[in-house]
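Residues in the sequence shown are numbered from 19 upward in steps of one, following our numbering. Accompanying notes for the structure given below.
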Amino acid sequence: MNKIAEIFQSLDYGPAPESPEPALAWLAGKGNTFGHFINGKWTKPGKTFASDNPATGKTLAHITDGSTADVDKAVKAARAAFPAWSALSGYERGKYLYAIARLVQKHSRLFSVLESMDNGKPIRESRDIDIPLVARHFYHHAGWAQHLEREFPGMAPYGVCGQIIPWNFPLLMLAWKIAPALAAGNTVVLKPAEFTSLTALLFAEIVEKAKLPPGVVNIVTGLGDTGAAIVNHPDVDKIAFTGSTEVGKIIRAATAGTGKGLSLELGGKSPYIVFDDADVDSAIEGLVDAIWFNQGQVCCAGSRLLIQESIEERFIAKLKKRMASLRVGDPLDKAVDIGALVAPVQVARVRDLVKKGAAEGGQVYEPDIDLPKGGGCFLRPTLITNVSPSHTVATEEIFGPVLVAMSFRTPEEAVALANNTKYGLASTIWSENINLALDIAPKIKAGVVWINGTNNFDAAVGFGGYKESGFGREGGKEGMAAYLKPKWEKELKPAAMAVPAKAGTSGRELDAHDGIDQTAKMYIGGKQARPDSGYSRTIHGPGGAMVGEVGEGNRKDIRNAVEAARGALGWGTTAAHNRAQILYFLGENLEYRSDEFAKRIRAQTGESLASAQKEVAASVERLFAFAGWADKYDGAVHNPPSRTIAIAMIEPIGVLGIIAPPSRPLLGAIALLAPAIAMGNPVVLVPSETAPLSVTDLYQVIETSDVPAGVINIVTGASATLAKTLAEHDGVDAIWCAGDAATSTMIEKASIGNLKQTWTSRGLYYDLADKAKFEGDYFLRRATQVKNVWVPYGA
Ligand code: NAI
Numbered sequence: 019m020n021k022i023a024e025i026f027q028s029l030d031y032g033p034a035p036e037s038p039e040p041a042l043a044w045l046a047g048k049g050n051t052f053g054h055f056i057n058g059k060w061t062k063p064g065k066t067f068a069s070d071n072p073a074t075g076k077t078l079a080h081i082t083d084g085s086t087a088d089v090d091k092a093v094k095a096a097r098a099a100f101p102a103w104s105a106l107s108g109y110e111r112g113k114y115l116y117a118i119a120r121l122v123q124k125h126s127r128l129f130s131v132l133e134s135m136d137n138g139k140p141i142r143e144s145r146d147i148d149i150p151l152v153a154r155h156f157y158h159h160a161g162w163a164q165h166l167e168r169e170f171p172g173m174a175p176y177g178v179c180g181q182i183i184p185w186n187f188p189l190l191m192l193a194w195k196i197a198p199a200l201a202a203g204n205t206v207v208l209k210p211a212e213f214t215s216l217t218a219l220l221f222a223e224i225v226e227k228a229k230l231p232p233g234v235v236n237i238v239t240g241l242g243d244t245g246a247a248i249v250n251h252p253d254v255d256k257i258a259f260t261g262s263t264e265v266g267k268i269i270r271a272a273t274a275g276t277g278k279g280l281s282l283e284l285g286g287k288s289p290y291i292v293f294d295d296a297d298v299d300s301a302i303e304g305l306v307d308a309i310w311f312n313q314g315q316v317c318c319a320g321s322r323l324l325i326q327e328s329i330e331e332r333f334i335a336k337l338k339k340r341m342a343s344l345r346v347g348d349p350l351d352k353a354v355d356i357g358a359l360v361a362p363v364q365v366a367r368v369r370d371l372v373k374k375g376a377a378e379g380g381q382v383y384e385p386d387i388d389l390p391k392g393g394g395c396f397l398r399p400t401l402i403t404n405v406s407p408s409h410t411v412a413t414e415e416i417f418g419p420v421l422v423a424m425s426f427r428t429p430e431e432a433v434a435l436a437n438n439t440k441y442g443l444a445s446t447i448w449s450e451n452i453n454l455a456l457d458i459a460p461k462i463k464a465g466v467v468w469i470n471g472t473n474n475f476d477a478a479v480g481f482g483g484y485k486e487s488g489f490g491r492e493g494g495k496e497g498m499a500a501y502l503k504p505k506w507e508k509e510l511k512p513a514a515m516a517v518p519a520k521a522g523t524s525g526r527e528l529d530a531h532d533g534i535d536q537t538a539k540m541y542i543g544g545k546q547a548r549p550d551s552g553y554s555r556t557i558h559g560p561g562g563a564m565v566g567e568v569g570e571g572n573r574k575d576i577r578n579a580v581e582a583a584r585g586a587l588g589w590g591t592t593a594a595h596n597r598a599q600i601l602y603f604l605g606e607n608l609e610y611r612s613d614e615f616a617k618r619i620r621a622q623t624g625e626s627l628a629s630a631q632k633e634v635a636a637s638v639e640r641l642f643a644f645a646g647w648a649d650k651y652d653g654a655v656h657n658p659p660s661r662t663i664a665i666a667m668i669e670p671i672g673v674l675g676i677i678a679p680p681s682r683p684l685l686g687a688i689a690l691l692a693p694a695i696a697m698g699n700p701v702v703l704v705p706s707e708t709a710p711l712s713v714t715d716l717y718q719v720i721e722t723s724d725v726p727a728g729v730i731n732i733v734t735g736a737s738a739t740l741a742k743t744l745a746e747h748d749g750v751d752a753i754w755c756a757g758d759a760a761t762s763t764m765i766e767k768a769s770i771g772n773l774k775q776t777w778t779s780r781g782l783y784y785d786l787a788d789k790a791k792f793e794g795d796y797f798l799r800r801a802t803q804v805k806n807v808w809v810p811y812g813a
């Protein structure tokens with residue numbers, strides 16, 4: 019039989035190798051040794067570490083381990099470049115981004131080959147997915163640069179952005195970080211991951227070729243310490259990080275109180291839900307992509323298969339058959355499905371987790387397929403069944419080619435299992451019943467939901483997580499917003515914080531409730547509740563006389579309030595029109611009692627009645643303003659270049675803790691409360707410590723305004739103490755604090771447990787009465803997160 023006839027008999031794949039030569043020649047041209055790229059120049063290599071090819075174990079290059087001094091040099095260069103770069107017109111900045119996009123395309127094969135050699139990912143993926151998406155990102159953001167002023171009026175770049183990226187999509191993560199930062203007018207210091215610095219260094223050459231002004235893009239290589247030096251550098255204005263949740267938490271703690279902007283894109287344990295009416299063959303192909311794309315080293319990998327029980331057996335049998343046809347091998351072979359993991363340490367980590375899975379009772383299946391001979395970081399695709407939700411492999415991010423499977427009976431159970439994770443990055447839903455799929459999508463707590471598809475990415479569509487998967491978005495308009503801040507916010511001055519009045523002995527000051535002996539209680543779950551402590555705190559007017567008493571809240575009161583707020587999470591799915599009506603009603607009922615509220619403000623603060631009346635009127639107006647926003651601040655439909663649409667839904671964050679400012683006792687609280695509840699977040703509100711009576715007086719207004727129980731909960735007491743309990747509570751999803759610098763820092767540090775989103779005023783004077791600043795999207799954006807639901811459209 020001749021050779022061709024033989025091939026037809028066996029239908030075996032032949033080798034289809036991509037040549038490593040051009041990439042090796044490029045490395046050799048650099049002496050296989052690299053310094054940093056700082057201020058448009060290459061530094062001399064310093065102390066180096068090896069960068070190995072994980073498929074062969076051979077060293078590709080020696081990379082400089084950046085020191086604190088190197089980082090400092092890069093930050094100084096970025097700082098020096100910032101004024102001129104940010105002063106360029108958007109059109110001019112856009113042209114640089116366009117030039118980068120074109121140059122990436124021109125050198126795309128070199129990038130792909132180098133990426134596959136450095137990272138181990140199959141060339142098919144680097145060539146067809148990673149690098150084209152890199153170019154797409156720069157094209158897309160070239161356009162944003164030009165339209166920035168129109169689309170983001172009053173916004174300014176942060177300044178110098180420190181960007182730290184992981185090894186799983188080295189160049190793509192670089193593009194996700196650098197493109198929007200430059201479009202917005204920031205300059206950057208980027209550190210690639212230690213395993214995979216090479217394409218970032220090749221990218222530095224593109225920066226040179228595109229003639230970017232020196233210092234606009236600086237690449238500093240190194241290990242974790244180099245990353246930490248960037249995070250801790252005092253002249254860095256924003257940190258953008260993608261990587262492990264563990265390091266994300268370290269960075270959150272390190273930046274607490276510094277005022278640095280922060281976006282975190284962290285891990286995931288994303289559910290892949292298959293209903294019994296799904297197109298099974300498509301769902302299996304999708305699953306191959308969801309968990310074996312990039313050897314499973316994908317933050318949004320569909321690593322938890324949730325399969326409807328009625329089709330479980332058939333589906334798993336088909337899946338095993340498909341797994342047996344996957345080809346593991348040389349990443350540069352174009353017919354290989356699964357390449358090498360990034361490094362031996364990662365192989366060991368994955369193996370350990372699989373062992374643990376087996377020890378906990380999981381059944382481990384690996385198809386009997388060949389692995390390349392001669393070592394290399396190769397693993398077979400792995401499936402673990404007989405897993406229960408509490409098993410380590412069902413909860414921990416494995417970050418390797420390992421799928422765990424569990425079954426469910428009803429859609430409700432599927433949702434419960436899907437959300438039973440500390441993460442919330444992505445989710446996939448397969449069903450031929452579009453009603454079912456669109457019913458499930460909003461119930462999944464994740465930043466991205468793919469319906470009848472998986473792993474769709476595009477520069478025009480935001481990507482990022484809920485819960486411990488981090489905060490901030492990359493891509494889309496919301497991704498651009500993450501690199502901008504209001505111009506006025508850069509000029510804030512320290513606030514002269516209100517000093518608590520000393521207890522006096524003179525007679526009572528004017529009190530709206532004079533003659534009635536009352537101690538305001540807490541307001542929890544729609545009811546007035548006595549403080550757990552059994553203590554009351556006396557509230558004094560400016561002259562020192564007592565104006566009233568409130569309960570002294572403690573941990574237990576906060577816990578009860580958070581529980582009540584969690585019970586009211588359905589507020590987020592209440593029709594926006596209904597939320598609007600309730601806010602209007604709150605405003606109307608407050609207005610009826612303007613005089614009483616004005617007198618109470620005067621009694622607590624000593625300001626004139628006219629000024630107190632103005633505060634009440636402004637509070638009513640603010641409630642109306644956000645009633646107006648409730649049904650208008652909404653999402654978008656994106657048109658990515660694939661036969662899909664991405665519906666960007668605006669969703670509430672969840673339970674929001676609010677520490678109201680000490681001054682302006684009514685308006686300060688309403689200015690934060692109104693946007694939070696307008697967007698569907700139940701709130702635990704801690705009123706001004708010194709003047710809480712304006713908020714405790716609201717109970718009756720709340721009760722007469724049809725606010726559902728648990729949507730507004732109020733706990734009085736010492737702001738900093740209650741703030742700490744709120745920040746540490748895992749049932750709280752976000753926390754806002756208009757308070758002093760120390761409390762703000764404490765909140766940001768204490769909130770790392772479940773990575774709450776925080777807004778703190780850090781002792782700066784935010785004039786919450788300012789309508790131009792605070793009646794619009796400033797707090798709306800912080801009260802919401804974007805979920806992108808990808809739906810096939812227009813076949
Ligand atoms: P990592 O989070 O340690 O590394 C990511 C980047 O952060 C690298 O550039 C690293 O040098 C830098 N870094 C490390 N420590 C730092 C610090 N203290 N301050 C500032 N920067 C620091 O991730 P690693 O160790 O490479 O992988 C460990 C696990 O993390 C993986 O097995 C996987 O589970 C998860 N991971 C998740 C990623 C994601 O995209 N969600 C990406 C990479 C890893």
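Beta carbons: idealized from backbone N, C-alpha and C, even for Gly.
The beta carbon of A598 sits closer than 6 Å to those of A645, A648 and D649, all from its chain and outside the five residues before and after it, given in chain order. Under the three-state reduction of DSSP, P362 is assigned to helix. Secondary structure note for P35: it is in no beta strand (DSSP E), with a DSSP letter that is neither H nor E. For R154, the three-state secondary structure derived from DSSP is helix. Between the alpha carbons of I268 and H159 lies a distance of about 30 Å.
Between G418 and G483 a beta carbon distance of about 20 Å is seen, past the 8 Å cut, so the two are scored as non-contacting. F603 carries a helical assignment under DSSP once its states are collapsed to helix, strand and coil. Sequence-distant partners of T410 (beyond 5 residues in either direction) whose C-beta falls short of 8 Å from its own C-beta, in its chain, are L371, K374, G375 and E378. Apart from sequence neighbours up to five positions away, the residues of its chain that approach Y602 with a beta-carbon distance below 8 Å are L641, F642 and A645, ordered along the chain. In the DSSP annotation of this structure, T413 is not part of any beta strand (DSSP E); the continuous alpha helix (DSSP H) holding it starts and ends at T410 to T413. Here D748 has G771 and N772 as same chain residues with Cβ atoms under 8 Å from its own Cβ, once five neighbours each way along the sequence are excluded. In the three-state reduction of the DSSP assignment, L230 falls in the coil class.
The beta carbon of K278 sits closer than 7 Å to the beta carbons of V254, D255, K256 and I257 from its chain, once the five residues preceding and following it are set aside; these are given in chain order.
Close CB contacts of Q181 within its chain, under the 6 Å cut and outside five residues either way in sequence, are with K195, V206, L208 and A258 (chain order). For T739 and R620, the gap between their C-alpha atoms comes out near 26 Å.
Here V372 carries a helix assignment [DSSP, helix/strand/coil]. Taking 7 Å as the cut-off, the Cβ atoms of I668 and V655 do not count as close. Looking at the backbone, the Cα of I677 and that of N250 are separated by about 27 Å. Within 10 angstroms of the beta-carbon of G138 lie 16 or more other beta-carbons, which makes it buried. A direct Cα-Cα distance of roughly 25 Å separates A756 from M564. One Cα belongs to L435, the other to I452, and the distance between them is close to 21 Å.
N236 has V207 as its beta-bridge partners, per DSSP. Scanning the stretch 694–720 for uninterrupted beta strand (DSSP E) segments of 3 residues or longer gives 701–704, listed from N- to C-terminal end. DSSP, reduced to helix, strand and coil, places I356 within a strand of the structure shown. Remark: C-beta atoms of S262 and T239 do not approach each other more closely than 7 Å.
Checking the 6 Å criterion, the Cβ of C395 is out of range of every heavy atom belonging to ligand 1.
Here the distance from the Cβ of E669 to the nearest heavy atom of ligand 1 is not below 6 Å.
For P504, the three-state secondary structure derived from DSSP is strand.
K76 counts as exposed, since fewer than 16 other C-beta atoms from the protein chains shown sit within 10 angstroms of its C-beta.
Put simply, of R367, L627, T51 and A727 the residue whose alpha carbon is nearest the alpha carbon of Q546 is A727.
Beyond the five residues adjoining it in sequence on each side, A99 comes within less than 7 Å, by CB distance, of T205, P231, P232, G233 and V234 in the same chain, given in chain order. If you check the CB distance, E570 and R584 do not come in under 7 Å. R780 carries a coil assignment under DSSP once its states are collapsed to helix, strand and coil.
By the C-beta criterion, the stretch 780–790 is judged not to be in contact with the stretch 466–481, since fewer than 3 inter-stretch pairs fall below 8 Å. Annotation for S449: F293, D295, A296 and A455 place their beta carbon closer than 6 Å to its own, counting only its chain and skipping 5 residues before and after.
Sequence-distant Cβ neighbours of R800 in its own chain, meaning closer than 6 Å and more than five residues away, are W777.
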